[in-house]
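Numbering (my numbering), first residue to last: 3 to 214. No residue lacks a Cβ here, since even glycine has one placed at the ideal position from N, Cα and C.
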Ligand code: SF4
């Protein structure tokens with residue numbers, strides 16, 4: 003049974019390991035953040051950062067993107083997965099943002115998830131990273147690492163998100179979300195976690211189950 007003391011150790015070790023954790027996507031404003039997160043589905047942030055400089059140079063805001071044909075946008079993002087669907091989604095989302103929100107990104111979960119290509123995780127990233135609203139977007143890293151460590155023991159992302167919200171102090175949600183992502187990328191890797199260089203061996207359920 004995961005304890006409050008273990009949560010305290012997890013938060014403090016993550017703070018030490020990742021003192022200023024940040025989003026790995028490059029963006030200049032909340033609109034660009036939203037577009038970058040939509041583009042990042044099923045692909046890496048690194049790949050997205052390769053295509054967004056040209057895209058954001060030529061389409062820096064919702065109005066300019068809304069006025070473009072998806073086929074033209076496809077050429078900008080061709081290097082990332084599902085580029086046709088994503089091009090259609092971001093142009094359609096830009097139209098709604100431009101026409102219904104005067105170019106501003108809504109600061110509301112319920113409104114964000116109405117936008118094409120925007121699901122629960124994307125909406126939470128926009129709220130947390132773009133507006134500083136406490137949220138825990140659960141991506142593949144957050145899901146894997148938090149279930150391995152044992153702070154939650156869930157089979158799906160929604161239950162993992164609720165479990166983390168329940169266990170972690172609200173003021174840590176945004177930083178812990180970033181820290182868990184970085185920990186998943188750098189140490190607790192999908193195929194082979196590098197437990198020998200991990201500060202969480204004392205509390206990690208996966209480690210303790212496989213090293214007893
Ligand atoms: S001890 Fe190993 S399995 Fe546990 S969090 Fe660290 S790297 Fe991941």
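Closer than 7 Å to some heavy atom of ligand 1: that describes the Cβ of residue 189. Non-local beta-carbon contacts of residue 177 in its own chain, meaning distances under 7 Å to residues more than five positions away in sequence, involve 23 in chain order. Three or more Cβ pairs closer than 8 Å define a contact, and the stretch 64-80 falls short of that threshold against the stretch 141-156.
Restricted to the stretch 121-156, the alpha helix (DSSP H) segments that are unbroken, complete and at least 4 residues in length are 122-127 and 142-151, listed in chain order.
For residue 118, same chain residues with a beta-carbon under 7 Å away, outside a window of 5 residues either side, are 91, 94 and 95 in chain order. According to the DSSP assignment, residue 74 belongs to the alpha helix (DSSP H) that extends over 72-79. Put simply, the backbone Cα of residue 13 is about 45 Å away from that of residue 74.
Residue 195 and residue 138 have their C-alpha atoms some 22 Å from each other. Taking the CA atoms as reference points, residue 127 sits about 8 Å from residue 39. Assigned with DSSP and collapsed to three states, residue 88 falls in helix.
Between the stretch 43-56 and the stretch 195-213 there are fewer than three inter-stretch CB-CB distances shorter than 8 Å, so the stretches are not counted as touching.
Relative to ligand 1, the beta carbon of residue 203 is positioned inside 7 Å of a heavy atom. Around the beta-carbon of residue 108, 16 or more other beta-carbon atoms lie within 10 Å, marking it buried. One alpha carbon belongs to residue 116, the other to residue 213, and they sit about 46 Å apart. Counting only residues of its own chain and dropping the five nearest sequence neighbours on each side, residue 4 has a CB closer than 6 Å to the CB of 152 and 153.
Straight-line spacing of the CA atoms in residue 120 and residue 114 works out to 7 Å.
Set against 7 Å, the gap from the CB of residue 78 to the closest heavy atom of ligand 1 is not smaller.
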